[in-house]
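Quick note on numbering: the sequence shown equals residues 187 to 362 in the working numbering.
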Amino acid sequence: MAIYEFEGKRPLIGQHCFIHPQAAVIGDVHLGERCFVGAGAVIRADYGKIVVGSGSNIQENAVIHAEPETIALLEENVLIGHSAIVHGPCLIQHNVTVGMGSIVSNGCELHSESLLGAGSVLPPNQTVPSRKLAIGNPARVVKDLDDNYVMYNQLGTQLYQELAQRCVKGLKLIEE
187 MAIYEFEGKR PLIGQHCFIH PQAAVIGDVH LGERCFVGAG AVIRADYGKI VVGSGSNIQE
247 NAVIHAEPET IALLEENVLI GHSAIVHGPC LIQHNVTVGM GSIVSNGCEL HSESLLGAGS
307 VLPPNQTVPS RKLAIGNPAR VVKDLDDNYV MYNQLGTQLY QELAQRCVKG LKLIEE
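So, in C-alpha cells, the structure goes:
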C-alpha cells in the first residue's frame, strides 16, 4: 500500500483497516478502526487534515482532499461510493452514504443517516439534513428516508467492514 509522510505529517491508521496496495494515503490523515480503502482511492491531506471515522469505507477511485488549514471530517460508518469526490472543509456525519460518482464540495454538511444519490453534485456550502435523500446537479433534497432506507444503507457499510477483514486475510497478489 502507498502510505506517505508529507512534510513531517504521517497518516495514523487504526487497527483492522484494509488499504488496497493501489490506494494512496498521504499526509495528515487519521483513519479509525475497521476502515476499508479501495484500489485507486486517494486520501490526500497535504494542505488540510482528513479524519475518517471507524467503520467507514472509501471505495475504489474515490478522492478525499481538503483546502489549506481545514478539515474534511467523516464520522463513523460513512460510505463513500466508487469514484466519489469529497472536498473539505466538510462534515459528513455518522451513517451517511455518498453515492457513486457524487461530488461533495467544500463547506458542505451531510447530517446523520442522509444519502447523496449516485452522480449528484452538492454545491459549496450546502447542507443535507438527517435522514434525507438529495439527488441531482445541483443536488436537492427530494424525500425523507424511512427506516428501511437507513437500514439498507447501513447494511452496505457493514458489508465493507466485513470485506476489509476478508481482504486482510485473503487478498493475495498473483505474480507470474
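Note that beta-carbon positions come from the ideal geometry of N, C-alpha and C, so glycine has one too.
By alpha-carbon positions, which one of the options ends up nearest to residue i?
i           : options            : result
residue 282 : 300, 275, 293, 292 : 300
residue 251 : 293, 221, 240, 344 : 293
residue 234 : 346, 253, 220      : 253
residue 153 : 322, 203, 318      : With the chain covering only 187 through 362, there is no way to say anything about residue 153.
residue 344 : 190, 222, 208      : 222
residue 258 : 239, 198, 332      : 239
residue 357 : 208, 189, 196      : 208
residue 331 : 353, 267, 201, 317 : 317
residue 197 : 260, 295, 237      : 237
Quick check on residue i: does DSSP put it in helix, strand or coil?
i           : result
residue 354 : helix
residue 339 : helix
residue 198 : strand
residue 193 : coil
residue 333 : helix
residue 262 : coil
According to the Cβ coordinates, are residue i and residue j closer than 8 Å?
i           : j           : result
residue 227 : residue 215 : no
residue 241 : residue 274 : no
residue 192 : residue 212 : yes
residue 291 : residue 315 : no
Hey, could you find the ends of the beta strand (DSSP E) residue i is sitting in?
i           : result
residue 273 : 271 to 274
residue 297 : Careful: residue 297 lies outside any beta strand (DSSP E) and carries neither H nor E.
residue 230 : 228 to 238
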